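A short write-up of the structure that comes next.
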Amino acid sequence: MFVNATAGSTVYGAFDPINEIADICEKYSMWLHVDGAWGGGLLMSRKHRHKLNGIERANSVTWNPHKMMGVPLQCSAILVREKGLLQGCNSMCAGYLFQPDKQYDVTYDTGDKAIQCGRHVDIFKFWLMWKSKGTIGFEKHIDRCLELSEYLYHKIKNREGYEMVFEGKPQHTNVCFWYIPPSLRLLPDGEEKRQRLHRVAPKIKAMMMECGTTMVGYQPQGDKVNFFRMVISNPAVTRSDIDFLIDEIERLGQDL
């Protein structure tokens with residue numbers, strides 16, 4: 000049996016309790032995979048890596064340095080705990096490509112460990128960036144993005160016209176919120192308000208694109224109508240950029 004835990008969900012940036020899930024998986028001999036594609040980069044931060052406590056107990060982990068860590072697309076990795084597993088699953092034993100009697104350690108030949116054979120050396124981009132920035136540089140990158148997201152959260156959580164999609168401070172850089180124009184603020188909760196609010200985020204984003212000022216993603220989720228999902232992964236963003244974003248949403252949405 001296979002259990003998938005998520006370390007940084009795409010929409011909310013939520014982290015599953017990996018240690019608790021690992022306890023159950025070990026008890027019942029289930030394979031534990033951790034999807035750390037979005038949140039795996041937090042391991043670089045001493046301040047935030049606790050959100051991934053227990054990830055070392057996983058049987059396999061996916062991680063996309065091209066997301067939170069800013070490595071150029073594409074750069075993805077799958078890590079497995081059991082040595083030889085990938086080769087055992089994927090090896091085609093193509094003797095015309097992968098000879099076992101080479102003059103070097105053939106375990107470094109990765110081509111016979113993956114589903115595809117010919118491909119880019121995507122991890123080389125990550126290696127170069129790591130050599131340049133260092134672990135401390137990546138830590139500063141991660142901490143800065145989380146700090147900016149927390150700044151946005153505190154700016155809007157009690158601000159008139161804004162409503163957070165879920166309670167509590169975000170675990171990652173995903174800040175999810177509704178902007179409620181003045182025309183909707185006095186409407187009683189009900190289907191009319193839901194339908195009108197559902198159209199607000201798409202209209203504001205369209206105006207943002209037409210003005211060329213900024214652009215923020217939006218989406219519905221479950222029974223929740225369209226909301227903005229502001230995600231910060233660029234440490235060059237400033238607090239003044241965040242302030243501008245808030246003012247721009249209000250400017251474009253005040254007459255909706």
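Residue numbers (numbering that gives the first Met the number 0): 0 to 255.
Ideal placement from N, C-alpha and C gives every residue a C-beta, glycine not left out.
None of these values were measured; they are calculated from a predicted model.
Which residues in the same chain have their Cβ closer than 8 Å to the Cβ of T213, if we skip the five residues on either side of it in sequence?
Translated into positions along the sequence shown, residue 213 becomes position 214. Taken in chain order, the residues that qualify are M207, F243, L244, E247.
Under 8 Å by Cβ, that's how I've got M68 and F137 pegged, so tell me the actual separation to the nearest angstrom.
Translated into positions along the sequence shown, residue 68 becomes position 69. Translated into positions along the sequence shown, residue 137 becomes position 138. Approximately 6 Å separates the beta-carbon atoms of M68 and F137; this is inside 8 Å, confirming the contact.
Taking the C-alpha atoms as reference points, what is the distance between K132 and P71?
On the sequence shown, position 133 is the one that residue 132 refers to. On the sequence shown, position 72 is the one that residue 71 refers to. If I take the Cα positions, the gap works out to 14 Å.
Is it the case that the Cβ atoms of L151 and M229 are separated by a distance below 8 Å?
Within the sequence shown, the letter at position 152 stands for residue 151. Within the sequence shown, the letter at position 230 stands for residue 229. Closer than 8 Å, so yes.
Could I get the ranges of all uninterrupted beta strand (DSSP E) runs contained in the region 116 to 167, with 3 residues as the minimum, in chain order?
161 to 163
CB Y11 to CB F165, shorter than 8 Å?
In the sequence shown, residue 11 corresponds to position 12, counting from 1. In the sequence shown, residue 165 corresponds to position 166, counting from 1. Cβ distance < 8 Å, so Y11 and F165 count as in contact.
Among N63, K154, A200, whose alpha-carbon lies nearest the alpha-carbon of L42?
The residue labelled residue 42 in the question sits at position 43 within the sequence shown. Ranking N63, K154, A200 by Cα distance to L42 puts N63 first.
Leaving out the 5 sequence neighbours to the left and right, which residues in its chain are closer than 6 Å to C24 when beta-carbon positions are compared?
Here the question's residue 24 lines up with position 25 in the sequence shown. Contacts found: V2, L31.
Measure the Cβ-Cβ separation of R143 and P234 and say whether it is below 8 Å.
Looking up residue 143 in the sequence shown gives position 144. Looking up residue 234 in the sequence shown gives position 235. Going by C-beta atoms, R143 is nearer than 8 Å to P234.
Determine which residues share a DSSP beta bridge with W177 and list them.
By one-based count along the sequence shown, residue 177 stands at place 178. E162.
For A57, I'd like the list of residues in its chain whose CB is within less than 6 Å of its CB, leaving aside the five on either flank, ordered along the chain.
If you number the sequence shown from 1, residue 57 lands on position 58. If the five residues before and after A57 are omitted, its C-beta is found closer than 6 Å to the C-beta atoms of L31, V33, all from its own chain and listed in chain order.
Any idea if M173 is buried or exposed, counting beta-carbon neighbours within 10 angstroms, 16 or more meaning buried?
Position 174 of the sequence shown, counted from the first residue, corresponds to residue 173. This sequence places Asn at residue 173; Met is not what is there. Buried, since its Cβ has 16 or more Cβ neighbours within 10 Å.
If we ignore side chains and look at the alpha-carbon of each, how far apart do Q220 and E162 end up?
Residue mapping note: residue 220 aligns to position 221 of the sequence shown, counting from 1. Residue mapping note: residue 162 aligns to position 163 of the sequence shown, counting from 1. Within the model, the alpha-carbon separation for Q220 versus E162 is close to 15 Å.
Kindly indicate which three-state DSSP category S59 falls into: helix, strand or coil?
Position 60 of the sequence shown, counted from the start, is the residue given in the question as residue 59. Strand.
Please report how far the alpha carbon of W37 lies from the alpha carbon of Q102, in whole angstroms.
In the sequence shown, residue 37 corresponds to position 38, counting from 1. In the sequence shown, residue 102 corresponds to position 103, counting from 1. Their backbone Cα atoms lie some 39 Å apart in a straight line.
Find the nearest neighbour of E55 within the set V79, S75, S44, judged by alpha-carbon distance.
As a first step, residue 55 must be located in the sequence shown, where it is residue number 56. Here the closest residue by C-alpha is V79.
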